[in-house]
(Lines of atoms letter the chains of each structure in order from A and count residues from 1; the text may use other names and numbers.)
(Lines give C-alpha, C1' and ligand atoms only; values in the text may rest on other atoms or scores of the structure.)
Protein backbone atom coordinates (compact mmCIF):
# COMPACT_ATOMS: atom_id res chain seq x y z
CA UNK A 1 0.00 0.00 0.00
CA UNK A 2 1.32 3.44 -0.90
CA UNK A 3 2.07 6.13 1.63
CA UNK A 4 -0.82 8.48 2.31
CA UNK A 5 -0.78 11.97 0.85
CA UNK A 6 -0.27 14.75 3.34
CA UNK A 7 -0.68 17.70 0.92
CA UNK A 8 -4.04 18.25 -0.79
CA UNK A 9 -3.99 18.88 -4.54
CA UNK A 10 -6.46 19.38 -7.39
CA UNK A 11 -5.98 16.89 -10.25
CA UNK A 12 -8.69 18.65 -12.24
CA UNK A 13 -6.64 21.83 -12.53
CA UNK A 14 -3.02 20.72 -13.18
CA UNK A 15 -0.59 23.57 -13.57
CA UNK A 16 1.43 22.50 -16.65
CA UNK A 17 3.27 25.43 -18.25
CA UNK A 18 4.06 25.05 -21.92
CA UNK A 19 7.73 25.89 -21.40
CA UNK A 20 8.48 22.77 -19.31
CA UNK A 21 10.90 20.10 -20.44
CA UNK A 22 9.76 16.94 -22.21
CA UNK A 23 9.93 14.99 -18.95
CA UNK A 24 7.64 17.52 -17.27
CA UNK A 25 5.28 17.45 -20.27
CA UNK A 26 5.13 13.63 -20.07
CA UNK A 27 4.30 13.87 -16.37
CA UNK A 28 1.53 16.39 -17.16
CA UNK A 29 0.10 14.00 -19.73
CA UNK A 30 0.03 11.16 -17.19
CA UNK A 31 -1.53 13.50 -14.65
CA UNK A 32 -4.29 14.53 -17.08
CA UNK A 33 -5.11 10.89 -17.83
CA UNK A 34 -5.17 10.09 -14.13
CA UNK A 35 -7.59 12.96 -13.49
CA UNK A 36 -10.08 11.21 -15.80
CA UNK A 37 -10.10 8.17 -13.48
CA UNK A 38 -9.88 9.80 -10.10
CA UNK A 39 -11.76 12.57 -8.44
CA UNK A 40 -10.98 14.12 -5.14
CA UNK A 41 -13.46 13.24 -2.39
CA UNK A 42 -13.97 16.04 0.09
CA UNK A 43 -14.82 15.50 3.69
CA UNK A 44 -17.27 17.42 5.76
CA UNK A 45 -17.26 18.13 9.46
CA UNK A 46 -18.55 15.37 11.72
CA UNK A 47 -20.87 15.98 14.62
CA UNK A 48 -20.72 13.47 17.43
CA UNK A 49 -23.96 11.76 18.33
CA UNK A 50 -24.88 9.21 20.99
CA UNK A 51 -24.01 6.07 19.08
CA UNK A 52 -23.37 7.13 15.52
CA UNK A 53 -21.69 9.91 13.57
CA UNK A 54 -23.25 12.06 10.88
CA UNK A 55 -21.01 12.49 7.87
CA UNK A 56 -21.26 13.90 4.39
CA UNK A 57 -19.57 12.35 1.39
CA UNK A 58 -19.20 13.92 -2.02
CA UNK A 59 -17.96 11.48 -4.64
CA UNK A 60 -18.56 10.47 -8.25
CA UNK A 61 -17.38 7.76 -10.60
CA UNK A 62 -13.82 6.48 -10.20
CA UNK A 63 -12.34 5.45 -13.55
CA UNK A 64 -14.04 3.31 -16.16
CA UNK A 65 -14.60 -0.39 -16.94
CA UNK A 66 -12.98 -2.87 -14.54
CA UNK A 67 -11.27 -0.05 -12.61
CA UNK A 68 -14.62 1.46 -11.57
CA UNK A 69 -15.40 1.45 -7.83
CA UNK A 70 -12.02 0.00 -6.79
CA UNK A 71 -11.05 2.84 -4.47
CA UNK A 72 -10.11 1.45 -1.07
CA UNK A 73 -9.12 3.24 2.17
CA UNK A 74 -5.86 2.80 4.01
CA UNK A 75 -5.23 5.18 6.92
CA UNK A 76 -7.17 7.51 9.22
CA UNK A 77 -5.63 10.83 10.23
CA UNK A 78 -6.44 14.43 11.17
CA UNK A 79 -6.48 16.83 8.26
CA UNK A 80 -3.86 19.56 8.42
CA UNK A 81 -2.44 21.88 5.84
CA UNK A 82 1.28 22.27 6.37
CA UNK A 83 3.32 25.29 5.37
CA UNK A 84 4.77 23.15 2.57
CA UNK A 85 1.34 22.65 1.03
CA UNK A 86 0.61 26.38 1.19
CA UNK A 87 3.92 26.98 -0.50
CA UNK A 88 2.96 24.45 -3.18
CA UNK A 89 -0.28 26.33 -3.84
CA UNK A 90 1.54 29.63 -4.11
CA UNK A 91 4.64 28.48 -5.97
CA UNK A 92 3.91 25.55 -8.35
CA UNK A 93 7.37 25.58 -9.88
CA UNK A 94 9.19 25.18 -6.55
CA UNK A 95 6.96 22.30 -5.40
CA UNK A 96 6.98 20.46 -8.72
CA UNK A 97 8.99 17.47 -7.48
CA UNK A 98 6.84 17.01 -4.34
CA UNK A 99 3.65 17.11 -6.41
CA UNK A 100 5.04 14.56 -8.86
CA UNK A 101 5.84 12.16 -6.01
CA UNK A 102 2.42 12.64 -4.49
CA UNK A 103 0.57 12.05 -7.77
CA UNK A 104 2.70 9.04 -8.65
CA UNK A 105 1.56 7.47 -5.35
CA UNK A 106 -1.95 7.52 -6.81
CA UNK A 107 -3.70 8.55 -3.58
CA UNK A 108 -7.07 10.19 -3.05
CA UNK A 109 -9.02 11.26 0.02
CA UNK A 110 -12.21 9.55 1.23
CA UNK A 111 -14.39 10.25 4.25
CA UNK A 112 -15.74 7.48 6.50
CA UNK A 113 -17.67 7.87 9.74
CA UNK A 114 -15.41 8.00 12.76
CA UNK A 115 -14.84 9.50 16.14
CA UNK A 116 -14.66 13.29 15.87
CA UNK A 117 -15.52 16.38 17.76
CA UNK A 118 -17.86 18.87 16.17
CA UNK A 119 -15.11 21.22 14.97
CA UNK A 120 -12.46 18.68 13.89
CA UNK A 121 -11.72 17.39 10.39
CA UNK A 122 -10.28 13.99 9.45
CA UNK A 123 -9.17 12.27 6.22
CA UNK A 124 -8.68 8.70 5.08
CA UNK A 125 -5.99 8.24 2.45
CA UNK A 126 -7.02 5.80 -0.30
CA UNK A 127 -4.43 3.46 -1.75
CA UNK A 128 -3.59 2.78 -5.37
CA UNK A 129 -6.47 0.67 -6.79
CA UNK A 130 -4.08 -1.15 -9.10
CA UNK A 131 -2.32 -2.94 -6.23
CA UNK A 132 -3.03 -6.61 -5.55
CA UNK A 133 -5.98 -7.17 -3.19
CA UNK A 134 -5.67 -9.39 -0.13
CA UNK A 135 -8.35 -11.60 1.43
CA UNK A 136 -9.29 -10.63 5.02
CA UNK A 137 -11.99 -12.01 7.35
CA UNK A 138 -14.79 -10.12 9.05
CA UNK A 139 -13.51 -9.95 12.64
CA UNK A 140 -15.21 -9.41 15.99
CA UNK A 141 -13.58 -6.34 17.53
CA UNK A 142 -14.40 -4.19 20.57
CA UNK A 143 -16.10 -0.84 19.88
CA UNK A 144 -16.69 1.33 22.95
CA UNK A 145 -19.97 3.27 22.95
CA UNK A 146 -19.51 6.86 24.02
CA UNK A 147 -20.91 10.37 23.70
CA UNK A 148 -18.75 13.49 23.54
CA UNK A 149 -20.20 16.90 24.36
CA UNK A 150 -18.73 20.36 24.74
CA UNK A 151 -19.52 21.78 28.17
CA UNK A 152 -18.66 24.73 30.40
CA UNK A 153 -17.09 24.14 33.80
CA UNK A 154 -18.81 25.51 36.90
CA UNK A 155 -19.05 24.55 40.54
CA UNK A 156 -20.10 20.97 41.28
CA UNK A 157 -22.64 19.78 43.86
CA UNK A 158 -23.80 23.27 44.96
CA UNK A 159 -25.87 23.43 48.16
CA UNK A 160 -28.72 25.95 48.28
CA UNK A 161 -29.07 28.10 51.41
CA UNK A 162 -32.81 28.84 51.72
CA UNK A 163 -34.98 31.03 53.92
CA UNK A 164 -36.45 28.92 56.74
CA UNK A 165 -39.48 31.20 57.21
CA UNK A 166 -41.20 34.07 55.45
CA UNK A 167 -40.30 37.61 56.49
CA UNK A 168 -37.72 40.32 56.04
CA UNK A 169 -34.06 39.67 56.60
CA UNK A 170 -30.67 41.29 56.15
CA UNK A 171 -27.76 39.34 54.64
CA UNK A 172 -24.51 39.55 56.60
CA UNK A 173 -22.27 38.08 53.87
CA UNK A 174 -21.01 39.06 50.43
CA UNK A 175 -20.55 37.01 47.27
CA UNK A 176 -17.40 34.87 47.33
CA UNK A 177 -16.99 34.83 51.11
CA UNK A 178 -15.73 31.64 52.76
CA UNK A 179 -17.75 30.44 55.76
CA UNK A 180 -17.61 27.68 58.35
CA UNK A 181 -20.45 25.45 59.44
CA UNK A 182 -22.75 27.44 61.75
CA UNK A 183 -21.63 30.92 60.65
CA UNK A 184 -24.45 33.49 60.52
CA UNK A 185 -25.47 34.30 56.95
CA UNK A 186 -28.61 36.42 57.50
CA UNK A 187 -30.72 37.86 60.34
CA UNK A 188 -34.48 38.24 60.30
CA UNK A 189 -36.42 41.36 61.20
CA UNK A 190 -37.99 40.16 64.50
CA UNK A 191 -40.80 42.76 64.68
CA UNK A 192 -43.06 40.69 62.45
CA UNK A 193 -42.20 37.52 64.37
CA UNK A 194 -43.06 39.20 67.68
CA UNK A 195 -46.43 40.35 66.36
CA UNK A 196 -47.18 36.87 65.09
CA UNK A 197 -46.27 35.31 68.43
CA UNK A 198 -48.54 37.76 70.28
CA UNK A 199 -51.47 36.94 67.98
CA UNK A 200 -51.02 33.23 68.60
CA UNK A 201 -50.82 33.79 72.36
CA UNK A 202 -54.11 35.74 72.44
CA UNK A 203 -55.87 33.14 70.33
CA UNK A 204 -54.58 30.41 72.61
CA UNK A 205 -55.97 32.15 75.69
CA UNK A 206 -59.43 32.42 74.08
CA UNK A 207 -59.54 28.75 73.10
CA UNK A 208 -58.41 27.68 76.55
CA UNK A 209 -61.21 29.75 78.14
CA UNK A 210 -63.79 28.09 75.90
CA UNK A 211 -62.44 24.66 76.81
CA UNK A 212 -62.59 25.44 80.51
CA UNK A 213 -66.19 26.65 80.16
CA UNK A 214 -67.27 23.55 78.23
CA UNK A 215 -65.67 21.15 80.70
CA UNK A 216 -66.73 23.16 83.77
CA UNK A 217 -69.86 25.23 84.44
CA UNK A 218 -71.51 24.56 81.07
CA UNK A 219 -71.25 20.81 81.38
CA UNK A 220 -72.37 20.78 85.04
CA UNK A 221 -75.43 23.00 84.50
CA UNK A 222 -76.47 21.25 81.31
CA UNK A 223 -76.46 17.84 82.92
CA UNK A 224 -78.44 19.14 85.94
CA UNK A 225 -81.13 20.55 83.65
CA UNK A 226 -81.29 17.30 81.70
CA UNK A 227 -81.70 15.32 84.92
CA UNK A 228 -84.57 17.54 86.10
CA UNK A 229 -86.39 17.24 82.78
CA UNK A 230 -86.06 13.48 82.79
CA UNK A 231 -87.29 13.23 86.40
CA UNK A 232 -90.36 15.29 85.53
CA UNK A 233 -91.15 13.04 82.59
CA UNK A 234 -90.77 9.94 84.78
CA UNK A 235 -93.14 11.34 87.44
CA UNK A 236 -95.79 12.19 84.85
CA UNK A 237 -95.56 8.75 83.31
CA UNK A 238 -95.86 7.04 86.73
CA UNK A 239 -98.97 9.09 87.61
CA UNK A 240 -100.67 8.24 84.31
CA UNK A 241 -99.76 4.57 84.70
CA UNK A 242 -101.43 4.41 88.14
CA UNK A 243 -104.52 6.22 86.84
CA UNK A 244 -104.78 3.85 83.88
CA UNK A 245 -104.59 0.83 86.18
CA UNK A 246 -107.47 2.15 88.31
CA UNK A 247 -109.65 2.87 85.26
CA UNK A 248 -108.93 -0.53 83.87
CA UNK A 249 -110.21 -2.09 87.10
CA UNK A 250 -113.38 0.01 87.06
CA UNK A 251 -113.95 -0.73 83.38
CA UNK A 252 -113.67 -4.43 84.14
CA UNK A 253 -116.39 -4.10 86.80
CA UNK A 254 -118.61 -2.22 84.38
CA UNK A 255 -118.48 0.91 86.44
CA UNK A 256 -116.54 3.01 83.81
CA UNK A 257 -117.42 3.99 80.32
CA UNK A 258 -115.29 2.71 77.45
CA UNK A 259 -114.39 6.23 76.28
CA UNK A 260 -112.81 7.25 79.56
CA UNK A 261 -110.84 3.97 79.67
CA UNK A 262 -109.41 4.54 76.17
CA UNK A 263 -108.52 8.16 76.97
CA UNK A 264 -106.46 7.09 80.00
CA UNK A 265 -104.66 4.48 77.89
CA UNK A 266 -103.78 7.10 75.21
CA UNK A 267 -102.31 9.51 77.79
CA UNK A 268 -100.13 6.74 79.23
CA UNK A 269 -98.69 5.94 75.78
CA UNK A 270 -97.90 9.62 75.19
CA UNK A 271 -96.09 9.82 78.54
CA UNK A 272 -93.99 6.75 77.68
CA UNK A 273 -93.01 8.31 74.32
CA UNK A 274 -92.11 11.66 75.90
CA UNK A 275 -89.88 9.95 78.45
CA UNK A 276 -88.05 7.94 75.76
CA UNK A 277 -87.52 11.06 73.62
CA UNK A 278 -86.13 12.97 76.61
CA UNK A 279 -83.64 10.22 77.36
CA UNK A 280 -82.42 10.07 73.72
CA UNK A 281 -82.06 13.86 73.48
CA UNK A 282 -80.06 13.89 76.69
CA UNK A 283 -77.69 11.19 75.39
CA UNK A 284 -77.23 13.04 72.06
CA UNK A 285 -76.53 16.37 73.79
CA UNK A 286 -73.90 14.77 76.01
CA UNK A 287 -72.16 13.19 72.97
CA UNK A 288 -72.08 16.53 71.15
CA UNK A 289 -70.69 18.18 74.26
CA UNK A 290 -67.93 15.57 74.41
CA UNK A 291 -67.01 16.15 70.74
CA UNK A 292 -66.86 19.90 71.32
CA UNK A 293 -64.48 19.34 74.22
CA UNK A 294 -62.25 17.17 71.97
CA UNK A 295 -62.23 19.85 69.24
CA UNK A 296 -61.32 22.61 71.67
CA UNK A 297 -58.57 20.45 73.17
CA UNK A 298 -57.15 19.92 69.67
CA UNK A 299 -57.28 23.66 68.95
CA UNK A 300 -55.44 24.38 72.18
CA UNK A 301 -52.65 21.95 71.25
CA UNK A 302 -52.34 23.42 67.74
CA UNK A 303 -51.97 26.93 69.10
CA UNK A 304 -49.52 25.80 71.75
CA UNK A 305 -47.32 24.26 69.04
CA UNK A 306 -47.59 27.38 66.87
CA UNK A 307 -46.62 29.56 69.82
CA UNK A 308 -43.64 27.35 70.64
CA UNK A 309 -42.50 27.51 67.00
CA UNK A 310 -42.84 31.30 66.90
CA UNK A 311 -40.90 31.67 70.13
CA UNK A 312 -38.17 29.36 68.77
CA UNK A 313 -37.90 31.51 65.65
CA UNK A 314 -37.56 34.58 67.82
CA UNK A 315 -34.78 32.95 69.77
CA UNK A 316 -33.00 31.86 66.57
CA UNK A 317 -33.93 34.57 64.07
CA UNK A 318 -30.77 33.91 62.04
CA UNK A 319 -29.80 31.83 59.00
CA UNK A 320 -26.62 29.79 59.51
CA UNK A 321 -24.32 28.04 57.05
CA UNK A 322 -25.15 24.30 56.94
CA UNK A 323 -21.53 23.39 56.08
CA UNK A 324 -18.14 24.89 55.36
CA UNK A 325 -17.51 26.32 51.90
CA UNK A 326 -17.75 29.42 49.75
CA UNK A 327 -20.90 31.47 49.16
CA UNK A 328 -21.70 32.36 45.54
CA UNK A 329 -24.75 33.87 43.81
CA UNK A 330 -25.74 35.71 47.00
CA UNK A 331 -29.09 37.50 46.63
CA UNK A 332 -29.00 41.30 46.56
CA UNK A 333 -31.61 43.98 47.23
CA UNK A 334 -32.21 47.57 46.17
CA UNK A 335 -34.27 48.43 49.27
CA UNK A 336 -33.16 51.47 51.24
CA UNK A 337 -32.80 49.48 54.46
CA UNK A 338 -30.85 46.72 52.70
CA UNK A 339 -33.34 44.02 53.66
CA UNK A 340 -34.93 41.28 51.57
CA UNK A 341 -38.56 40.21 51.70
CA UNK A 342 -38.54 36.43 51.31
CA UNK A 343 -40.97 33.55 51.41
CA UNK A 344 -40.24 30.27 53.11
CA UNK A 345 -37.96 28.19 50.86
CA UNK A 346 -36.57 31.09 48.79
CA UNK A 347 -32.89 30.68 47.88
CA UNK A 348 -30.52 33.16 49.54
CA UNK A 349 -27.17 31.88 48.21
CA UNK A 350 -25.29 28.82 46.95
CA UNK A 351 -22.72 27.13 49.17
CA UNK A 352 -19.97 25.44 47.14
CA UNK A 353 -16.71 23.63 47.70
CA UNK A 354 -13.97 25.54 45.79
CA UNK A 355 -12.28 22.28 44.83
CA UNK A 356 -15.50 20.63 43.59
CA UNK A 357 -16.20 21.46 39.96
CA UNK A 358 -18.83 20.25 37.54
CA UNK A 359 -20.88 20.86 34.41
CA UNK A 360 -24.46 20.63 33.17
CA UNK A 361 -25.53 18.96 29.91
CA UNK A 362 -28.81 18.01 28.23
CA UNK A 363 -29.61 14.68 26.57
CA UNK A 364 -32.62 13.18 24.83
CA UNK A 365 -34.28 9.89 25.74
CA UNK A 366 -32.17 7.79 23.37
CA UNK A 367 -28.91 9.24 24.70
CA UNK A 368 -29.96 8.78 28.33
CA UNK A 369 -29.87 5.00 27.90
CA UNK A 370 -26.09 5.25 27.57
CA UNK A 371 -25.55 8.21 29.89
CA UNK A 372 -27.25 6.81 33.01
CA UNK A 373 -24.63 4.10 33.67
CA UNK A 374 -21.70 5.66 31.83
CA UNK A 375 -18.16 6.32 32.98
CA UNK A 376 -17.65 10.10 32.83
CA UNK A 377 -14.53 12.18 32.22
CA UNK A 378 -14.14 15.94 31.82
CA UNK A 379 -11.17 17.30 29.84
CA UNK A 380 -10.68 21.10 30.01
CA UNK A 381 -9.40 22.58 26.76
CA UNK A 382 -6.76 24.54 28.65
CA UNK A 383 -4.69 21.38 29.21
CA UNK A 384 -6.70 18.55 27.61
CA UNK A 385 -6.13 16.28 30.60
CA UNK A 386 -9.23 14.18 31.40
CA UNK A 387 -10.55 14.23 34.98
CA UNK A 388 -12.63 11.35 36.30
CA UNK A 389 -16.13 12.59 37.11
CA UNK A 390 -19.45 11.19 38.28
CA UNK A 391 -23.09 12.03 37.70
CA UNK A 392 -24.40 14.00 40.67
CA UNK A 393 -27.99 14.78 39.65
CA UNK A 394 -30.69 14.26 37.00
CA UNK A 395 -33.39 16.81 36.25
CA UNK A 396 -36.24 16.32 33.77
CA UNK A 397 -36.80 19.22 31.37
CA UNK A 398 -40.08 19.49 29.47
CA UNK A 399 -41.22 22.21 27.08
CA UNK A 400 -44.64 22.56 25.41
CA UNK A 401 -43.12 21.60 22.06
CA UNK A 402 -41.51 18.48 23.54
CA UNK A 403 -44.75 17.57 25.30
CA UNK A 404 -46.66 17.84 22.00
CA UNK A 405 -44.40 15.33 20.26
CA UNK A 406 -43.91 13.11 23.30
CA UNK A 407 -40.22 13.94 23.74
CA UNK A 408 -38.44 14.66 26.97
CA UNK A 409 -34.99 16.09 27.66
CA UNK A 410 -32.98 15.45 30.79
CA UNK A 411 -30.43 17.77 32.36
CA UNK A 412 -27.47 15.88 33.80
CA UNK A 413 -25.07 17.36 36.34
CA UNK A 414 -21.57 15.90 36.59
CA UNK A 415 -19.06 16.66 39.33
CA UNK A 416 -15.31 16.16 39.73
CA UNK A 417 -12.56 17.39 42.03
CA UNK A 418 -9.57 19.38 40.83
CA UNK A 419 -6.85 21.16 42.83
CA UNK A 420 -6.94 24.06 40.36
CA UNK A 421 -10.48 24.79 41.51
CA UNK A 422 -11.69 28.30 40.57
CA UNK A 423 -8.95 28.63 37.93
CA UNK A 424 -10.97 26.31 35.67
CA UNK A 425 -14.31 28.06 36.18
CA UNK A 426 -16.14 29.04 32.96
CA UNK A 427 -13.55 27.14 30.88
CA UNK A 428 -14.75 25.12 27.89
CA UNK A 429 -14.24 21.38 28.25
CA UNK A 430 -15.11 18.08 26.60
CA UNK A 431 -17.37 15.76 28.60
CA UNK A 432 -17.07 12.11 27.61
CA UNK A 433 -19.70 9.52 28.58
CA UNK A 434 -18.47 5.97 27.91
CA UNK A 435 -20.39 2.75 28.38
CA UNK A 436 -18.47 0.64 30.92
CA UNK A 437 -18.92 -2.70 29.12
CA UNK A 438 -17.35 -2.82 25.64
CA UNK A 439 -19.21 -5.06 23.20
CA UNK A 440 -17.52 -6.84 20.31
CA UNK A 441 -19.02 -6.15 16.89
CA UNK A 442 -18.28 -7.37 13.33
CA UNK A 443 -15.67 -5.14 11.68
CA UNK A 444 -13.58 -4.88 8.53
CA UNK A 445 -10.47 -2.83 7.75
CA UNK A 446 -11.17 0.73 6.72
CA UNK A 447 -9.20 0.11 3.54
CA UNK A 448 -11.68 -2.58 2.45
CA UNK A 449 -14.53 -0.08 2.03
CA UNK A 450 -15.62 0.96 -1.45
CA UNK A 451 -17.66 4.14 -1.94
CA UNK A 452 -20.12 4.44 -4.81
CA UNK A 453 -22.84 7.06 -5.26
CA UNK A 454 -22.64 8.14 -1.61
CA UNK A 455 -23.13 4.54 -0.47
CA UNK A 456 -20.65 2.15 1.15
CA UNK A 457 -19.78 -1.30 -0.22
CA UNK A 458 -17.24 -4.06 0.31
CA UNK A 459 -16.00 -6.69 -2.12
CA UNK A 460 -17.16 -9.95 -0.59
CA UNK A 461 -15.04 -12.97 -1.53
CA UNK A 462 -17.17 -16.09 -1.94
CA UNK A 463 -14.53 -18.22 -3.66
CA UNK A 464 -15.26 -17.22 -7.24
CA UNK A 465 -15.80 -13.73 -8.60
CA UNK A 466 -15.85 -11.07 -5.80
CA UNK A 467 -19.31 -9.61 -5.24
CA UNK A 468 -19.90 -5.94 -4.40
CA UNK A 469 -22.05 -5.96 -1.23
CA UNK A 470 -23.72 -2.86 0.21
CA UNK A 471 -23.04 -2.48 3.94
CA UNK A 472 -24.11 -0.12 6.70
CA UNK A 473 -21.12 1.10 8.68
CA UNK A 474 -20.64 2.52 12.16
CA UNK A 475 -17.73 4.11 13.98
CA UNK A 476 -14.00 3.53 13.55
CA UNK A 477 -11.52 2.07 16.05
CA UNK A 478 -7.87 1.19 15.30
CA UNK A 479 -8.28 1.36 11.49
CA UNK A 480 -11.28 -0.99 11.65
CA UNK A 481 -14.83 0.12 10.97
CA UNK A 482 -17.88 -1.46 12.57
CA UNK A 483 -20.30 -3.27 10.23
CA UNK A 484 -23.90 -2.67 11.28
CA UNK A 485 -25.48 -4.75 8.51
CA UNK A 486 -24.57 -6.60 5.31
CA UNK A 487 -21.84 -8.95 6.63
CA UNK A 488 -21.53 -11.67 9.24
CA UNK A 489 -18.54 -12.86 11.28
CA UNK A 490 -16.56 -15.37 9.25
CA UNK A 491 -17.23 -13.75 5.87
CA UNK A 492 -14.22 -12.71 3.79
CA UNK A 493 -13.70 -9.44 1.94
CA UNK A 494 -11.01 -8.11 -0.35
CA UNK A 495 -8.81 -5.40 1.06
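Residue numbers (the UniProt record's numbering): 1 to 495. Think of the CB as a built atom: it goes at the ideal place given N, C-alpha and C, for glycine as much as any other residue. Keep in mind the model is a prediction, meaning the values are calculated, not measured.
- Under the DSSP assignment, residue 385 falls outside any alpha helix (DSSP H); it carries neither an H nor an E label.
- Pairing residue 388 with residue 377 gives a Cβ-Cβ distance under 8 angstroms.
- Residue 158 counts as buried, since at least 16 other C-beta atoms from the protein chains shown sit within 10 angstroms of its C-beta.
- Judged by DSSP in its simplified three-state form, residue 137 adopts strand.
- For residue 272, no beta strand (DSSP E) encloses it; the enclosing alpha helix (DSSP H) starts and ends at 258-315.
- If you ignore the 5 residues before and after residue 347, its C-beta comes within less than 6 angstroms of the C-beta of 160, 162, all in its own chain and listed in chain order.
- In the three-state scheme derived from DSSP, where H, G and I count as helix and E and B as strand, residue 447 is classed as helix.
- Residue pairing by DSSP places residue 493 opposite 136, 460 in a beta bridge.
- Cβ-Cβ separation between residue 380 and residue 427: approximately 5 angstroms, consistent with a contact (criterion under 8 angstroms).
- C-alpha of residue 147 to C-alpha of residue 432: approximately 6 angstroms in a straight line.
- In this structure, the straight-line span from the alpha carbon of residue 238 to that of residue 245 is close to 11 angstroms.
- In the DSSP assignment, residue 200 falls within the unbroken alpha helix (DSSP H) covering 190-215.
- For the set 358, 197, 383, 452, the Cα lying nearest the Cα of residue 310 is the one of 197.
- Excluding sequence positions up to five before and after residue 472, its CB lies within less than 8 angstroms of the CB of 456, 483, 484, 485, 486, all in the same chain and listed in chain order.
- If you check the CB distance, residue 458 and residue 446 do not come in under 8 angstroms.
- Within its own chain, the residues whose Cβ lies closer than 6 angstroms to the Cβ of residue 467, once the five positions on either side in sequence are excluded, are 460, listed in chain order.
- Taking a cut-off of 8 angstroms for Cβ pairs, the segment 139-154 and the segment 358-368 touch, as three or more such pairs fall below it.
- In the three-state reduction of the DSSP assignment, residue 166 falls in the coil class.
- Apart from the 5 residues on each side of it in sequence, residue 352 sits with its Cβ closer than 6 angstroms to the Cβ of 155, 158, 325, 326, 328 in its chain, given in chain order.
- Residue 333 has its alpha-carbon roughly 60 angstroms from the corresponding atom of residue 441.
- Between the alpha carbons of residue 224 and residue 190 lies a distance of about 50 angstroms.
- In terms of Cβ geometry, residue 439 and residue 143 form a close pair [threshold 8 angstroms].
- Uninterrupted alpha helix (DSSP H) stretches at least 4 residues long and entirely within the segment 347-383 occur at 365-371, given in chain order.
- According to the DSSP assignment, residue 327 belongs to the beta strand (DSSP E) that extends over 325-328.
- Rounded to the nearest whole angstrom, the C-alpha separation of residue 200 and residue 360 is 46 angstroms.
- Annotated three-state conformation of residue 475 is strand, per DSSP.
- Straight across, the Cα-Cα distance linking residue 273 with residue 299 is about 39 angstroms.
- Distance from residue 240 to residue 247 at the Cβ level is roughly 10 angstroms; contact not present, criterion being Cβ atoms closer than 8 angstroms.
- The segment 397-414 makes no contact with the segment 171-186, as fewer than three CB pairs between them are under 8 angstroms.
- The three-state reading of DSSP puts residue 250 in helix, counting H, G and I together.
- Around the beta-carbon of residue 303, 16 or more other beta-carbon atoms lie within 10 Å, marking it buried.
- Within the same chain, and ignoring the five residues on either side of residue 356 in sequence, the residues whose Cβ sits closer than 7 angstroms to its Cβ are 155, 156, 157, 415, 417.
- Residue pairing of residue 397 in beta bridges, as defined by DSSP: 409.
- Between residue 184 and residue 382, the C-beta gap is not smaller than 8 angstroms, which leaves the two residues out of contact.
- DSSP places residue 419 in the coil class of the three-state scheme, outside both helix and strand.
- Residue 421 and residue 305 have their C-alpha atoms some 46 angstroms from each other.
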